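S.K.: For what it's worth, this note's numbering labels the leading residue of the sequence shown as 398, then goes sequentially. Ideal Cβ positions, reconstructed from N, Cα and C, are used throughout, including at glycine. All values derive from a computational prediction rather than experimental measurement. Let me give you the structure first, and then I'll get to my questions.
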Amino acid sequence: MLIREACDALREAAECLLRAVDGIPAKADEVAQTYYIRQQARSIAAVAADVHLLITNSRLQNVVGLCRVAFESRIGIYAAMRVPDFAAQKLLAQAQGNVRELEEVAQDAANQEVFQQALAHHRRFLQQVRQDYAGVTERTWKIREAAEAAGLQDDYNEHYSMLSKAAHNTPTGLAAKTDPHIVASSVLVLLHDTLQALAALMFFRERDDTRAQPITEAWKEMSPLLDSLLSRYGQMCSRMNELFTTFAADQL
398 MLIREACDAL REAAECLLRA VDGIPAKADE VAQTYYIRQQ ARSIAAVAAD VHLLITNSRL
458 QNVVGLCRVA FESRIGIYAA MRVPDFAAQK LLAQAQGNVR ELEEVAQDAA NQEVFQQALA
518 HHRRFLQQVR QDYAGVTERT WKIREAAEAA GLQDDYNEHY SMLSKAAHNT PTGLAAKTDP
578 HIVASSVLVL LHDTLQALAA LMFFRERDDT RAQPITEAWK EMSPLLDSLL SRYGQMCSRM
638 NELFTTFAAD QL
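Here's what the structure looks like:
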(Lines of atoms letter the chains of each structure in order from A and count residues from 1; the text may use other names and numbers.)
(Lines give C-alpha, C1' and ligand atoms only; values in the text may rest on other atoms or scores of the structure.)
Protein backbone atom coordinates (compact mmCIF):
# COMPACT_ATOMS: atom_id res chain seq x y z
CA MET A 1 0.00 0.00 0.00
CA LEU A 2 1.14 3.53 -0.77
CA ILE A 3 0.80 4.82 2.80
CA ARG A 4 3.00 1.99 4.11
CA GLU A 5 5.61 2.63 1.43
CA ALA A 6 5.62 6.35 2.22
CA CYS A 7 5.87 5.46 5.91
CA ASP A 8 9.07 3.48 5.31
CA ALA A 9 10.59 6.36 3.33
CA LEU A 10 9.49 8.73 6.10
CA ARG A 11 11.44 6.75 8.69
CA GLU A 12 14.58 6.94 6.57
CA ALA A 13 14.09 10.66 5.92
CA ALA A 14 13.62 11.35 9.64
CA GLU A 15 16.84 9.50 10.47
CA CYS A 16 18.73 11.46 7.79
CA LEU A 17 17.36 14.76 9.04
CA LEU A 18 18.33 13.97 12.63
CA ARG A 19 21.86 13.09 11.54
CA ALA A 20 22.05 16.35 9.63
CA VAL A 21 20.79 18.30 12.67
CA ASP A 22 23.35 16.58 14.88
CA GLY A 23 25.98 17.63 12.34
CA ILE A 24 25.32 21.34 12.89
CA PRO A 25 28.29 22.57 14.96
CA ALA A 26 27.37 23.93 18.38
CA LYS A 27 28.69 27.41 19.15
CA ALA A 28 28.70 29.33 22.41
CA ASP A 29 27.71 32.53 20.61
CA GLU A 30 25.13 30.85 18.37
CA VAL A 31 22.84 33.30 16.59
CA ALA A 32 19.05 33.07 16.80
CA GLN A 33 18.78 31.95 13.20
CA THR A 34 20.89 28.80 13.67
CA TYR A 35 19.26 27.94 17.00
CA TYR A 36 15.74 28.32 15.56
CA ILE A 37 16.47 26.36 12.38
CA ARG A 38 17.99 23.52 14.41
CA GLN A 39 14.93 23.55 16.68
CA GLN A 40 12.45 23.43 13.79
CA ALA A 41 14.37 20.79 11.84
CA ARG A 42 14.48 18.57 14.93
CA SER A 43 10.74 19.11 15.37
CA ILE A 44 10.08 17.92 11.80
CA ALA A 45 12.22 14.82 12.34
CA ALA A 46 10.36 14.06 15.58
CA VAL A 47 6.98 14.42 13.85
CA ALA A 48 8.12 12.15 11.01
CA ALA A 49 9.24 9.51 13.50
CA ASP A 50 5.94 9.78 15.42
CA VAL A 51 3.87 9.47 12.24
CA HIS A 52 5.87 6.42 11.20
CA LEU A 53 5.13 4.83 14.58
CA LEU A 54 1.42 5.66 14.39
CA ILE A 55 0.98 4.28 10.89
CA THR A 56 2.97 1.15 11.72
CA ASN A 57 0.49 0.52 14.53
CA SER A 58 -2.56 1.49 12.41
CA ARG A 59 -3.31 4.53 14.59
CA LEU A 60 -4.27 7.12 12.00
CA GLN A 61 -6.35 9.56 14.07
CA ASN A 62 -3.55 12.04 14.82
CA VAL A 63 -1.49 11.66 11.65
CA VAL A 64 -2.91 14.58 9.67
CA GLY A 65 -2.66 17.00 12.59
CA LEU A 66 0.98 16.07 13.16
CA CYS A 67 1.72 16.58 9.48
CA ARG A 68 0.43 20.14 9.83
CA VAL A 69 2.88 20.77 12.69
CA ALA A 70 5.79 19.73 10.48
CA PHE A 71 4.48 21.80 7.58
CA GLU A 72 4.48 24.90 9.80
CA SER A 73 8.02 24.10 10.95
CA ARG A 74 9.30 23.93 7.36
CA ILE A 75 7.71 27.32 6.69
CA GLY A 76 9.57 28.59 9.75
CA ILE A 77 12.92 27.27 8.47
CA TYR A 78 12.50 28.92 5.09
CA ALA A 79 11.28 32.19 6.60
CA ALA A 80 14.27 32.24 8.97
CA MET A 81 16.58 32.12 5.95
CA ARG A 82 14.80 34.99 4.19
CA VAL A 83 13.74 37.41 6.94
CA PRO A 84 16.63 38.74 9.10
CA ASP A 85 14.74 39.00 12.42
CA PHE A 86 12.24 36.18 11.89
CA ALA A 87 14.04 33.63 14.09
CA ALA A 88 14.55 36.06 16.96
CA GLN A 89 10.91 37.18 16.74
CA LYS A 90 9.71 33.58 16.84
CA LEU A 91 11.92 32.75 19.84
CA LEU A 92 10.63 35.82 21.66
CA ALA A 93 7.05 34.80 20.87
CA GLN A 94 7.71 31.27 22.17
CA ALA A 95 9.10 32.62 25.42
CA GLN A 96 6.13 34.98 25.82
CA GLY A 97 3.71 32.15 25.09
CA ASN A 98 5.28 29.94 27.75
CA VAL A 99 4.92 32.73 30.33
CA ARG A 100 1.27 33.38 29.43
CA GLU A 101 0.44 29.66 29.57
CA LEU A 102 2.06 29.22 32.97
CA GLU A 103 0.34 32.34 34.31
CA GLU A 104 -3.02 30.77 33.45
CA VAL A 105 -2.10 27.38 34.91
CA ALA A 106 -0.62 28.86 38.10
CA GLN A 107 -3.89 30.62 38.92
CA ASP A 108 -5.84 27.37 39.21
CA ALA A 109 -3.12 24.84 40.03
CA ALA A 110 -3.42 22.91 43.26
CA ASN A 111 0.31 22.96 43.84
CA GLN A 112 0.90 26.69 43.57
CA GLU A 113 4.52 26.65 44.68
CA VAL A 114 5.72 24.36 41.88
CA PHE A 115 4.02 26.40 39.18
CA GLN A 116 5.10 29.70 40.68
CA GLN A 117 8.71 28.53 40.57
CA ALA A 118 8.31 27.44 36.95
CA LEU A 119 6.66 30.76 36.12
CA ALA A 120 9.50 32.71 37.74
CA HIS A 121 12.02 30.69 35.74
CA HIS A 122 10.26 31.39 32.44
CA ARG A 123 9.89 35.08 33.26
CA ARG A 124 13.64 35.30 33.86
CA PHE A 125 14.24 33.44 30.61
CA LEU A 126 11.95 35.82 28.71
CA GLN A 127 13.83 38.79 30.14
CA GLN A 128 17.14 37.21 29.12
CA VAL A 129 15.86 36.58 25.57
CA ARG A 130 14.76 40.20 25.33
CA GLN A 131 18.22 41.31 26.39
CA ASP A 132 19.90 38.93 23.94
CA TYR A 133 17.79 40.22 21.06
CA ALA A 134 17.65 43.85 22.08
CA GLY A 135 16.62 45.98 19.13
CA VAL A 136 14.49 43.24 17.58
CA THR A 137 10.88 44.33 17.20
CA GLU A 138 8.63 41.78 18.87
CA ARG A 139 6.10 40.33 16.47
CA THR A 140 3.65 37.42 16.37
CA TRP A 141 3.69 35.84 12.90
CA LYS A 142 0.55 34.28 11.46
CA ILE A 143 1.26 31.15 9.46
CA ARG A 144 0.00 32.71 6.21
CA GLU A 145 2.32 35.71 6.71
CA ALA A 146 5.25 33.41 7.43
CA ALA A 147 4.51 31.33 4.32
CA GLU A 148 4.49 34.44 2.16
CA ALA A 149 7.76 35.67 3.70
CA ALA A 150 9.25 32.19 3.17
CA GLY A 151 8.33 32.13 -0.51
CA LEU A 152 6.00 29.19 0.13
CA GLN A 153 2.65 30.83 -0.59
CA ASP A 154 1.84 28.28 -3.29
CA ASP A 155 2.58 25.39 -0.92
CA TYR A 156 0.44 27.03 1.73
CA ASN A 157 -2.48 27.49 -0.66
CA GLU A 158 -2.22 23.93 -1.91
CA HIS A 159 -1.79 22.02 1.35
CA TYR A 160 -2.69 23.98 4.48
CA SER A 161 -6.45 23.73 4.12
CA MET A 162 -6.24 19.94 3.77
CA LEU A 163 -3.85 19.61 6.72
CA SER A 164 -6.19 21.71 8.85
CA LYS A 165 -9.30 19.62 8.18
CA ALA A 166 -8.52 17.18 10.96
CA ALA A 167 -7.59 19.86 13.51
CA HIS A 168 -11.10 20.20 14.95
CA ASN A 169 -13.43 17.58 16.43
CA THR A 170 -16.32 18.49 14.14
CA PRO A 171 -18.05 15.79 12.04
CA THR A 172 -15.96 16.85 9.03
CA GLY A 173 -12.78 16.97 11.10
CA LEU A 174 -13.36 13.54 12.65
CA ALA A 175 -13.98 12.04 9.21
CA ALA A 176 -10.84 13.66 7.83
CA LYS A 177 -8.64 12.08 10.51
CA THR A 178 -8.89 8.64 8.89
CA ASP A 179 -9.92 9.44 5.32
CA PRO A 180 -7.45 7.40 3.22
CA HIS A 181 -7.03 10.10 0.57
CA ILE A 182 -6.33 12.82 3.15
CA VAL A 183 -4.02 10.60 5.22
CA ALA A 184 -2.04 9.51 2.14
CA SER A 185 -1.74 13.08 0.86
CA SER A 186 -0.71 14.35 4.30
CA VAL A 187 1.99 11.70 4.73
CA LEU A 188 3.46 12.57 1.34
CA VAL A 189 3.41 16.26 2.28
CA LEU A 190 5.25 15.34 5.49
CA LEU A 191 7.82 13.33 3.52
CA HIS A 192 8.31 16.31 1.22
CA ASP A 193 8.68 18.68 4.19
CA THR A 194 11.21 16.37 5.84
CA LEU A 195 13.30 16.15 2.67
CA GLN A 196 13.11 19.89 2.06
CA ALA A 197 14.22 20.58 5.63
CA LEU A 198 17.17 18.27 5.03
CA ALA A 199 17.97 20.08 1.78
CA ALA A 200 17.81 23.43 3.61
CA LEU A 201 20.56 22.29 5.97
CA MET A 202 22.67 21.18 3.02
CA PHE A 203 22.06 24.27 0.88
CA PHE A 204 21.70 26.83 3.64
CA ARG A 205 21.45 30.55 2.90
CA GLU A 206 21.94 32.99 5.74
CA ARG A 207 20.05 35.51 3.59
CA ASP A 208 18.53 35.52 0.12
CA ASP A 209 21.55 37.37 -1.27
CA THR A 210 24.19 34.99 0.14
CA ARG A 211 25.69 31.91 -1.50
CA ALA A 212 24.21 28.53 -0.55
CA GLN A 213 26.49 26.42 1.61
CA PRO A 214 25.97 23.53 4.06
CA ILE A 215 25.18 24.36 7.66
CA THR A 216 25.63 20.70 8.64
CA GLU A 217 28.92 18.86 8.56
CA ALA A 218 27.06 15.70 7.49
CA TRP A 219 26.17 17.08 4.05
CA LYS A 220 28.44 14.76 2.02
CA GLU A 221 26.96 11.71 3.72
CA MET A 222 23.42 12.98 3.24
CA SER A 223 23.65 14.03 -0.41
CA PRO A 224 23.16 10.60 -2.09
CA LEU A 225 20.52 9.63 0.47
CA LEU A 226 18.57 12.81 -0.25
CA ASP A 227 18.72 12.18 -4.00
CA SER A 228 17.45 8.61 -3.54
CA LEU A 229 14.61 9.65 -1.23
CA LEU A 230 13.56 12.49 -3.54
CA SER A 231 13.37 10.01 -6.42
CA ARG A 232 11.20 7.66 -4.37
CA TYR A 233 9.01 10.57 -3.30
CA GLY A 234 8.45 11.56 -6.93
CA GLN A 235 7.46 8.00 -7.85
CA MET A 236 5.01 7.82 -4.96
CA CYS A 237 3.42 11.13 -5.96
CA SER A 238 2.89 9.80 -9.49
CA ARG A 239 1.30 6.63 -8.14
CA MET A 240 -0.93 8.60 -5.79
CA ASN A 241 -2.19 10.76 -8.65
CA GLU A 242 -3.04 7.61 -10.61
CA LEU A 243 -4.87 6.12 -7.64
CA PHE A 244 -6.79 9.32 -7.00
CA THR A 245 -7.87 9.41 -10.64
CA THR A 246 -9.29 5.89 -10.36
CA PHE A 247 -10.62 6.43 -6.80
CA ALA A 248 -8.78 3.27 -5.72
CA ALA A 249 -8.83 4.02 -2.00
CA ASP A 250 -8.16 0.37 -1.15
CA GLN A 251 -4.72 0.70 -2.78
CA LEU A 252 -3.68 3.67 -0.62
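Rounded to a whole number of angstroms, what is the C-alpha to C-alpha distance between residue 513 and residue 555?
M.R.: Computed Cα separation, rounded: 44 Å.
S.K.: Measuring CB to CB, does residue 592 end up less than 9 Å from residue 477?
M.R.: Contact: no.
S.K.: Fully enclosed by the segment 511-569, which alpha helix (DSSP H) runs are 4 residues long or longer?
M.R.: Listed in chain order, the complete alpha helix (DSSP H) runs (minimum 4 residues) inside the segment 511-569 are 540-547 and 550-561.
S.K.: Just to confirm, are residue 548 and residue 479 a CB contact at a threshold of 9 Å?
M.R.: Yes, they are a contact pair.
S.K.: For residue 583, report the span of its alpha helix (DSSP H) as first-last.
M.R.: Counting along the chain, the alpha helix (DSSP H) containing residue 583 begins and ends at 577-599.
S.K.: Are the Cβ atoms of residue 553 and residue 544 separated by less than 9 Å?
M.R.: It is a contact, given that the beta carbons lie within the stated cut-off.
S.K.: Distance check for residue 609 and residue 530, CA to CA, integer angstroms please.
M.R.: Whole-angstrom Cα-Cα distance: 25 Å.
S.K.: Quick one, are the C-beta atoms of residue 403 and residue 585 less than 9 Å apart?
M.R.: Contact flag set, yes.
S.K.: So the candidates are 589, 588, 559 and 590; which of them puts its Cα closest to the Cα of residue 575?
M.R.: Among 589, 588, 559 and 590, the Cα nearest to that of residue 575 is on 559.
S.K.: Sort out for me which residues DSSP pairs residue 610 with in a bridge.
M.R.: Answer by DSSP bridge pairing, in chain order: 601.
S.K.: Tell me whether the beta-carbon of residue 537 lies closer than 9 Å to the beta-carbon of residue 490.
M.R.: A contact, by the Cβ cut-off of 9 Å.
S.K.: With residue 478 as the anchor, note down where its alpha helix (DSSP H) starts and where it stops.
M.R.: Taken as a continuous stretch (DSSP letters only), the alpha helix (DSSP H) holding residue 478 covers 460-479.
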